Amino acid sequence: TNSESMDGNTSGAIMTGSGTADPSLVNSSSPTNYTVPSGFVPPLGTGSAPSGQAPYTMTNASGNLADNGPSRLNLAKAAISNVINNYAGTLDFALEDFGTSNLTLYTTWVYYMSPNGSGFQFTNTATAQVVGSGNPFTVNNPCYGYTNSTTSTNVANNCSALDAYYNPGGVTTANSIANDLYMLVGDSSDEPSINDVLYDYPGNDPNIYINDGGTYAANQNLSNYGTAIVPPTSTPYTVFTLSNYNNGQIRVGYNKSLPGGGTVTGLTNAGFVPYSPEVMYVQRGFGYGANQSATGGNMAVGLQTAGSSPTSTSIQAVISAFAPALMPETNSTSTTEIKSAAGQSPIAGLLAQAKTYLTNHKSGSCQQQYVVLITDGLPTEDLSGKLWPPLGSAAAAGYGVTASFNSDGSLGTTNDQAATDTISALTALNTAGIKTYVIGLGAGVDPSVNPTAAKFLTAMAIAGGTNTYYSASSQNAINTALQSIAAQIYSASAISAPIPPVTITSGSLIYQVSTNPTPIAGHVQAYSVSATGQPSSSASWDAGGLMT
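So for the sequence shown, our numbering puts the first residue at 7; every next one is plus one.
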């Protein structure tokens, strides 16, 4: 799946394009380098980064900026590339992603929510985050040292306005927010449960700005427009309805913005909209948005085969066919690599398209076909185009979207139509003889972070006929999962059939012919028969070495 959240790393932070924002933000929202995780190979190398690090963003051979970080999309692409390299001579492959349209390149901003009941606070004391506790924690202050001569004019102007706001009695050398290393926040869009950034057109918003002055229902097409949202008395979950969510009508606005910038935000595929007393937006990098098809996917690469008698040339042709789609995401809408662009996750439509495509590309009645689904989240759009908060999320709890599971792990009941449609699509594939393997990638579907998501992925695997999903939170884990699946498919594709003689008597031989789906990999074995007509447990001879 290639929703926007696939640009996030396995912990949730969407860092695509980091290091390309204003240079004055490299120590806060838009760092240049990251520590390379174990098993991950930066697709464009490490450049001039210090040992053990690599740039988040590099310029590729075509002159475009490209994602060089450990995003979920890069992890998935690397794992897919590896398995194709290993099995292109023995298995046929195709590659599908969400069907999208109106692809748009945006600038991105990370956003921070102020602590409950208060605005942001600036400090020189670091407070570590305890995930899931709800306790405030610190992040690097984007305005630290903004009075230095090396700070860009834009960042200096933004921070000067914020400094005056947080020091209404006047900014002095002693009280300036430029002195504080950290900012105390209540939450961050980098969290696994949010996994988001603000997407907007370049130049529309300042490098750093805040929304405050109270929140309200901001969809002018609804009767509740202008209704104040005053936590904890009211929240988006009390002001809006599930029907509003289904129809994509959730909009939350702030009354003020300083020193400018947008004040209204809408849904992400995580179902989150900020409504804390203050929200700060700080520029990070680039990202994509697009409309997604609810009912069909996109065949990024059609079915590729190395033929019945593969050669090094035909194998390389298969590998080469997938290479453009598996390149790192760039900042150019004209390049053909898979991009994290879909605003929602219409998994049922993706699976329905897979069934149609595979059914139309089956070369024989005995040919076995499989789907391998790699997803970093749950379905959030049903086949009719209605939106649903992901099961187990705060939004699902807020809008009363639930699911129960049977004792065998299969889906019991749910009021989530996107979930129901997905299970039906998997069942239809399984009924057609096409089993589906499921890989859950990243913290959003990590059983320790969202146990409901893990239960639903298990239910998906059961409906798909494979019973257990694979959880992956690193490059090594997704590599292992995909290689294991490919090995199972390869093994299941082997053919073994006995050829009995017309009569069986003592001294006769029973012959067994077996073949694996690879050249010069087969056997003709002869088994002697005892006086009672029982074949020997070991072959008398094997002509496998003579097979070509």
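C-beta: ideal position from N, C-alpha, C; glycine also.
Source: prediction; values computed, not measured.
Sixteen is the threshold: since fewer than 16 other Cβ atoms of the shown chains lie within 10 Å of the Cβ of residue 414, the residue is exposed. Only exposed fits residue 314, as fewer than 16 other CB atoms lie within 10 angstroms of its CB. Collapsing the DSSP output to three states places residue 10 in a helix.
Residue 335 and residue 343 have their C-alpha atoms spaced approximately 6 angstroms apart. Every unbroken stretch of the beta strand (DSSP E) spanning 3 or more residues and falling wholly within the segment 201 to 246 is given here in chain order: 204 to 206, 214 to 223. Within a 10 Å sphere around the beta-carbon of residue 394 sit 16 or more other beta-carbons, which makes this residue buried.
Judged by their CB atoms, residue 161 and residue 30 are nearer to each other than the 8 angstroms cut-off. Counting every other CB atom within 10 Å of its CB across the protein chains shown gives residue 149 a total of 16 or more, marking it as buried. In the DSSP assignment, residue 499 falls outside any beta strand (DSSP E), carrying neither H nor E.
Taking the C-beta atoms as reference points, residue 102 is found no nearer than 8 angstroms to residue 417. For residue 423, the uninterrupted alpha helix (DSSP H) run begins and ends at 423 to 437, by DSSP. With contacts defined by Cβ atoms closer than 8 angstroms, residue 168 and residue 130 do not form a contacting pair. By a beta-carbon distance limit of 8 angstroms, residue 329 does not contact residue 298. Their separation comes to about 25 angstroms. Annotation: residue 266 to residue 293 spans about 22 angstroms, alpha carbon to alpha carbon. For secondary structure counted as the alpha helix (DSSP H) over 4 or more consecutive residues, the segment 308 to 347 holds these complete runs in sequence order: 318 to 328. Under the three-state reduction of DSSP output, residue 108 falls in the strand class.
For the options 484, 104, 23, 24, the alpha carbon positioned closest to that of residue 45 is the one of 484.
About 7 angstroms separates the beta carbon of residue 383 from that of residue 9, a gap short enough to meet the 8 angstroms contact definition. Excluding sequence positions up to five before and after residue 443, its CB lies within less than 6 angstroms of the CB of 378, 472, 491, all in the same chain and listed in chain order. Around the beta carbon of residue 115, 16 or more other beta carbons sit within 10 angstroms, so the residue counts as buried.
Rounded to the nearest whole angstrom, the C-alpha separation of residue 203 and residue 24 is 12 angstroms.
About 6 angstroms separates the beta carbons of residue 273 and residue 254, which is inside the 8 angstroms limit, making them a contact pair.
Non-local beta-carbon contacts of residue 464 in its own chain, meaning distances under 6 angstroms to residues more than five positions away in sequence, involve 415, 475 in chain order. Shown here, residue 353 sits in a helix according to DSSP, grouped into three states. When the five nearest sequence neighbours on each side are left out, the beta carbons in the same chain lying within less than 6 angstroms of the beta carbon of residue 52 are those of 60, in order along the chain. In this structure, the alpha-carbon of residue 421 lies about 7 angstroms from that of residue 409. Excluding its 5 nearest sequence neighbours in each direction, residue 308 has C-beta neighbours in its own chain below 7 angstroms: 100, listed in chain order. In the structure shown, residue 63 falls within a strand segment according to DSSP collapsed to helix, strand and coil. In chain order, 260, 263, 269, 285 place their CB closer than 6 angstroms to the CB of residue 217, counting only its own chain and leaving out the 5 sequence neighbours on each side.
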